[in-house]
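Enquirer: Chains as they are written, first to last, in this note's numbering: chain Z, -11 to 370; chain P, 15 to 817. The C-beta atom is built at its ideal place from N, Cα and C for all residues, glycine as well. Here you go, one structure.
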């Protein structure tokens, strides 16, 4: 496996950067993460496609791009990979609406079924999508044995419009999935938050889909505002400080964290970045920067623990936009921590997202995660 | 700029750098570049501004984190406190609930079966409580299981009951709340017609209101009512049920509903009715037969009486030898026929269960001896000896039936005489055992006759059987004698058996259970004393001849002619009695019924009244009562009952009505002669004196010892007094008026004492002391003696000082 990476902050930098690549036409995969502005430039897709016509081009817009150098904003990072034995397939579908999520997952699964992929890397738009339903649709077609990872596209801290890069160019509605197969494929993953629960468990007394109306019989927004205090005026972005952990009806932990995406003052409701189980409980969580960095380390350690890594690899980091807002200037430290663990011979790429897709643990079904550092680490056996 | 950073910079830097560090950093960068400072210093100058920006960012971020965490901590603390309070409240409520559970568990422990085996302190800890409750629940479940099993049993039993019985349940008012299928089927109603209806729905109106009053009274009192009820079906037909109504009580023991269990007994009722009808018919037939026999008894005996009596009269006339022989044969044949008739009638009575065994006092030795007197004559006539052998320890006075004893003894002896050609008949009486006042007498009649073969010995006690069919032809007889004896002995709590050697003779044994009475009537025993014991009976002479009817003997006229009122409706008896009495020298006036007697009585001074019992218009009892009522004080005319059944109730009724004696019917000529002689003259010939051989000697001796003047003075008043008291004594005993009997006996005692009659005084004393225990025989004995005294004092005939 061979990997090369370029990063540009202006479309004009693209051609010179491509020129520095060794044999770009041999690349089979081109992963693109960038700001919505850059990713939306038609020239970006066209020039990359021209440089490596055989490569599968995919990616998405971000709330910050990740390389081994750390966080970057308003850039585009393109990573090229060439495999010896791993086989790649790609599937794309348009998401008509949020309610189409389950069907979209089924459609993607149907396209990928023939190639029998072992793992999927999936990118979808990050605003009007039901990630949980999408994953359900994929598992329904491909079975529970397949490992699904990926992330939802971001839009800085604007939460307005996201793009997904498909083999046919950028799209605001598309979902793209890369299937990986082959005995030589090494596909490790890890996902961890680093958040700590505090306060009482709160019973969801009214919740529909991803909208939470009441906790313990009181308007959810009131409770939330009490904790935010002065920072309540910064909602919804200040909601990232206190995500919820979801617990099941028996108060058992599920490992899933839900971020607040928006609030409705009139209804007193919170809109969460993913469905909640209305029969379950929620617990407020918080974290310090150090704890979040430790969480990222834990995710990397988990990914590393799945299998020893032979040689050169590619690490795709999908971290939550909430973590970035909490850590501020120190967000680079979690990227450094992951890079240290995965090692110098692993090329890092990735982005701050509006939702991470990953199993909570190896073998577990994929879930839509919030507030985690999610690591997809692929390599090829010699 | 962040206040902390600004303060730190002001402390380290002077103005103007302290006032605007970014501007100062920018100036430093430009200065180092313009003065071509070493590269690393130029790099420092370029990075310093960015460094300060990041430091400020970190400060701000830390402030924010701290603020949020402090706030979180405060809110969490408040929430925790609130939660703590809530938990404490919950805990208290829970502890209260646990305490309640403990007390509940405790209660359950003592109410559930088998639950008390748990430890007493089992509920003290929560774990223990849980264990205890688990245990109790198990017990409860087991209990429930038992209850379910019981319920199943009950359901099965109910099912079984429903298969068998007609079942209904009503409330307290009789409104039907449950009816099983059988109920609906038999009553002919659909269930919905029955449920909610009153039980009166099926009443048949057969039973009187009192019947249901009793039913309701019983079940309302919580008791079970049983009975047979006639109910009515919807279609109007009736049916009978055997019903059991059980009140079902509530927890307080009060009836809350009634369950009625019935079985259909309509068929049984029908059968019972038919049976009842059949029984009525049978009873009517049996009654008709009894009536027929009774009538026949009367109807046959009366003409037999006529034949025998008239033959007797004819034999008393002058006859040529042939005529006498013919008439003797007629009379013997009639006698034999009468015996047969009596046998048949006795047997019929026994078979019909109508024969009553008396329990009256009698002298045992006297009774046996008397019976043997007549037998002795018959034995002598056949040339046989009759040996009497009475044990010395036989009780004197006993209670039992002397007539039946005599009958059995006579029968056995007659058989012995019949089947013995030569030798002797030996009668033995021995005491077979005695316990308190009960004794068992063993009598044996042995003969030296033909004997009975062993194989026939059992048969002879059966009815209509003799040892050999040819026996009847050879010896005559009905074959009923021994059967009657067997039954009579059985009725007297004894048994009868025989042992016999053919050709040598037979011994017939029988036993009797008798009650021993204290000795009494010493005056009567005295003359008999030397007669008791062992010895041959007088084998010849007047006594023997007088005792048997088989020997011709002319009965002499009585010494004195009496005025006799004969009350008799039957023409033959009228003629017989009138002829005999007139022949013996008496003046007889006839009354054809009781009313005529009552009318005739005051018209003359009668010496004796012979009173028949059953007569048209007025019977003997009523007539006697009226006569006695009309008699002037001090006067007492002897009234003699003529009755076919001179025993038991009849005699009591006679005596109670004021009669003095009785004469058995059919009339026995010698008995009549003797009786009249008794009332006619105290000095009658001994042969015809009445059976109780009171003898005149002690009385005459006593009277002779009296002062003649005093005797003369007392004579009339004593006679009147004695007769009056005697009649009053009979009346009092008959009416069970013991107080009067006591008083009368007292009077008698005084009167007899005045006459110096010591023995009779003792008898009167006994009666006075215990009037209620007075046997009739005691009164009879006393009355007999009193009559002798009265006769002796008679002005015309009696022993007077003038004599």
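Run through the stretch 425 to 489 of chain P for me and flag every whole alpha helix (DSSP H) of 4 or more residues, listed as ranges in chain order.
Expert: Taking only runs of at least 4 residues, the alpha helix (DSSP H) segments lying wholly in the stretch 425 to 489 of chain P are 468 to 471, 483 to 489.
Enquirer: Pick from Z:211, Z:287, Z:274, Z:293: whose alpha carbon is nearest that of residue 256 of chain Z?
Expert: Here residue 256 of chain Z corresponds to residue number 268 of the first chain, with the count starting at 1. Answer by Cα proximity: Z:211.
Enquirer: Which bits of chain P does residue 187 of chain Z rub up against, with CB to CB less than 9 angstroms?
Expert: If you number the first chain from 1, residue 187 of chain Z lands on position 199. Near residue 187 of chain Z (Cβ distances below 9 angstroms), the residues of chain P are 86, 89, 90, 93, 94.
Enquirer: Tell me the DSSP secondary structure of residue 219 of chain Z in three-state form.
Expert: For the purposes of this step, residue 219 of chain Z is taken as the residue at position 231 of the first chain. Correct three-state label for residue 219 of chain Z: helix.
Enquirer: Should the stretch 386 to 404 of chain P be called in touch with the stretch 415 to 430 of chain P, which here means at least 3 C-beta pairs below 8 angstroms?
Expert: Output reads yes: the stretch 415 to 430 of chain P touches the stretch 386 to 404 of chain P.
Enquirer: Could you check whether the Cβ of residue 215 of chain Z sits closer than 7 angstroms to any Cβ belonging to chain P?
Expert: Walking along the first chain from the start, residue 215 of chain Z turns up at place 227. Cβ-Cβ to chain P under 7 angstroms: yes for residue 215 of chain Z.
Enquirer: In or out: residue 221 of chain Z buried (at least 16 other Cβ within 10 Å) or exposed?
Expert: Stepping through the first chain from its first residue, residue 221 of chain Z is reached at position 233. When all chains shown are included, residue 221 of chain Z counts as exposed.
Enquirer: Please report the distance separating the alpha-carbon of residue 242 of chain Z from that of residue 189 of chain Z.
Expert: For the purposes of this step, residue 242 of chain Z is taken as residue 254 along the first chain, with counting starting at 1. For the purposes of this step, residue 189 of chain Z is taken as residue 201 along the first chain, with counting starting at 1. If you take the alpha carbons of residue 242 of chain Z and residue 189 of chain Z, they lie about 14 angstroms apart.
Enquirer: What does the alpha-carbon distance come out to for the pair residue 190 of chain P and residue 218 of chain P?
Expert: Here residue 190 of chain P is taken as the residue at index 176 of the second chain, counted from 1. Here residue 218 of chain P is taken as the residue at index 204 of the second chain, counted from 1. Cα to Cα, the separation comes out at about 17 angstroms.
Enquirer: Which chain P residues sit within Cβ distance under 7 angstroms of residue 21 of chain Z?
Expert: Counted from its first residue, the first chain places residue 21 of chain Z at position 33. Here the premise fails: no neighbours, minimum Cβ distance about 25 angstroms.
Enquirer: Can you name the residues of chain P whose CB is closer than 7 angstroms to the CB of residue 276 of chain Z?
Expert: Locating residue 276 of chain Z in the first chain gives position 288, where the first residue counts as 1. Residues of chain P passing the Cβ test: 79.
Enquirer: Can you give me the C-alpha to C-alpha distance between residue 294 of chain P and residue 637 of chain P, rounded to a whole angstrom?
Expert: Counting from one through the second chain, the residue named residue 294 of chain P turns up at place 280. Counting from one through the second chain, the residue named residue 637 of chain P turns up at place 623. Cα to Cα, residue 294 of chain P sits roughly 36 angstroms from residue 637 of chain P.
Enquirer: Buried or exposed, going by whether 16 or more other CB atoms sit within 10 Å of the CB of residue -9 of chain Z?
Expert: For the purposes of this step, residue -9 of chain Z is identified with residue 3 of the first chain, where counting begins at 1. By the neighbour-count rule (16 or more Cβ atoms within 10 Å), residue -9 of chain Z is buried.
Enquirer: Look at the alpha carbon of residue 150 of chain P and the alpha carbon of residue 123 of chain P, and state the distance between them as a whole number of angstroms.
Expert: Counted from its first residue, the second chain places residue 150 of chain P at position 136. Counted from its first residue, the second chain places residue 123 of chain P at position 109. When rounded, the distance between both Cα atoms is 7 angstroms.
Enquirer: Within 7 angstroms of any Cβ in chain P, is that where the Cβ of residue 317 of chain Z sits?
Expert: Locating residue 317 of chain Z in the first chain gives position 329, counting from the first residue. At least one chain P Cβ lies under 7 angstroms of residue 317 of chain Z.
Enquirer: Quick one, are the C-beta atoms of residue 694 of chain P and residue 576 of chain P less than 7 angstroms apart?
Expert: Along the second chain, read from residue 1 onward, the residue named residue 694 of chain P stands at position 680. Along the second chain, read from residue 1 onward, the residue named residue 576 of chain P stands at position 562. In this structure, residue 576 of chain P lies closer than 7 angstroms to residue 694 of chain P by Cβ.
Enquirer: Along chain P, which residues have their Cβ under 7 angstroms away from the Cβ of residue 232 of chain Z?
Expert: Start at 1 with the first residue of the first chain, and residue 232 of chain Z comes out as number 244. Result: empty, since nearest Cβ-Cβ is about 14 angstroms, beyond 7 angstroms.
Enquirer: What in chain Z is Cβ-close to residue 97 of chain P, meaning under 9 angstroms?
Expert: Reading the second chain from its first residue, position 83 is the one you call residue 97 of chain P. Correct list: 188.
Enquirer: Can the beta-carbon of residue 758 of chain P be found less than 7 angstroms from the beta-carbon of residue 742 of chain P?
Expert: Here residue 758 of chain P refers to the residue found at position 744 of the second chain. Here residue 742 of chain P refers to the residue found at position 728 of the second chain. Yes. Within cutoff.
Enquirer: At a cut of 8 angstroms, does the stretch 41 to 49 of chain P reach the stretch 325 to 334 of chain Z through at least three beta carbon pairs?
Expert: No, the stretch 41 to 49 of chain P does not touch the stretch 325 to 334 of chain Z.
Enquirer: Write down the C-beta distance between residue 269 of chain Z and residue 51 of chain Z rounded to the nearest angstrom, noting that I regard them as a contact closer than 8 angstroms.
Expert: Stepping through the first chain from its first residue, residue 269 of chain Z is reached at position 281. Stepping through the first chain from its first residue, residue 51 of chain Z is reached at position 63. That pair is no contact at about 29 angstroms.
Enquirer: Once DSSP output is grouped into helix, strand and coil, what is the label at residue 740 of chain P?
Expert: As a position in the second chain, residue 740 of chain P is number 726, starting the count at 1. Helix at residue 740 of chain P.
Enquirer: Check the Cβ of residue 75 of chain P against every Cβ in chain Z and list those closer than 9 angstroms, keeping chain order.
Expert: In the second chain, residue 75 of chain P corresponds to position 61, counting from 1. 277, 314, 315, 316, 317, 318, listed in chain order.
Enquirer: Just to confirm the assignment: which complete alpha helix (DSSP H) runs, minimum length 4, are found wholly within the stretch 17 to 90 of chain Z?
Expert: Listed in chain order, the complete alpha helix (DSSP H) runs (minimum 4 residues) inside the stretch 17 to 90 of chain Z are 24 to 28, 30 to 39.
Enquirer: So is residue 597 of chain P buried or exposed if we call it buried at 16+ other beta carbons inside 10 Å?
Expert: Locating residue 597 of chain P in the second chain gives position 583, where the first residue counts as 1. Exposed, because fewer than 16 other Cβ atoms sit within 10 Å of the Cβ of residue 597 of chain P.
Enquirer: Hey, quick one: how far does the alpha helix (DSSP H) through residue 8 of chain Z stretch, first residue to last?
Expert: As a first step, residue 8 of chain Z must be located in the first chain, where it is residue number 20. Neither: residue 8 of chain Z is in no alpha helix (DSSP H) and is coded neither H nor E.
Enquirer: Just to confirm the assignment, what range does the alpha helix (DSSP H) spanning residue 86 of chain P have?
Expert: Translated into the one-based positions of the second chain, residue 86 of chain P becomes position 72. Note, residue 86 of chain P: alpha helix (DSSP H), 53 to 125.
Enquirer: Taking residue 111 of chain Z as part of the beta strand (DSSP E), name the residues at either end of that continuous run.
Expert: On the first chain, residue 111 of chain Z is found 123 positions in, with the first residue counted as 1. Per DSSP, residue 111 of chain Z belongs to the beta strand (DSSP E) from 107 to 112.
Enquirer: What does the alpha-carbon distance come out to for the pair residue 163 of chain P and residue 153 of chain P?
Expert: As a first step, residue 163 of chain P is located in the second chain; it is residue number 149 there, counting from the start. As a first step, residue 153 of chain P is located in the second chain; it is residue number 139 there, counting from the start. Answer to the nearest angstrom: the Cα atoms are 15 angstroms apart.
Enquirer: For residue 68 of chain P, return the contacting residues in chain A, with the cut-off set at a CB-CB distance below 8 angstroms.
Expert: Absent here is chain A; the protein component of the structure consists of chains Z and P.
Enquirer: So the candidates are Z:213, Z:240, Z:313; which of them puts its Cα closest to the Cα of residue 276 of chain Z?
Expert: Walking along the first chain from the start, residue 276 of chain Z turns up at place 288. For residue 276 of chain Z, the nearest C-alpha among the options comes from Z:313.
Enquirer: Rounded to the nearest angstrom, what separates residue 765 of chain P and residue 321 of chain P at their Cα positions?
Expert: Residue numbering aside, residue 765 of chain P sits at position 751 when the second chain is read from its first letter. Residue numbering aside, residue 321 of chain P sits at position 307 when the second chain is read from its first letter. Residue 765 of chain P and residue 321 of chain P: Cα-Cα distance of roughly 47 angstroms.
Enquirer: With DSSP run on the structure shown, which of helix, strand or coil describes residue 387 of chain P?
Expert: The residue labelled residue 387 of chain P in the question sits at position 373 within the second chain. Residue 387 of chain P falls in the helix class under three-state DSSP.
Enquirer: If residue 653 of chain P and residue 674 of chain P are in contact, beta carbons under 8 angstroms, what's the gap, nearest whole angstrom?
Expert: Here residue 653 of chain P refers to the residue found at position 639 when the second chain is read from its first residue. Here residue 674 of chain P refers to the residue found at position 660 when the second chain is read from its first residue. Contact holds; Cβ gap of about 6 angstroms.
Enquirer: Excluding the 5 residues preceding and the 5 following residue 203 of chain P in the sequence, name in chain order all residues of the same chain whose CB lies nearer than 7 angstroms to its CB.
Expert: Counting from 1 along the second chain, the entry for residue 203 of chain P is found at position 189. The answer, listed in chain order, is 248.
Enquirer: With residue 273 of chain Z as the anchor, note down where its alpha helix (DSSP H) starts and where it stops.
Expert: Residue mapping note: residue 273 of chain Z aligns to position 285 of the first chain, counting from 1. Element bounds for residue 273 of chain Z: not the alpha helix (DSSP H) but the beta strand (DSSP E), 269 to 274.
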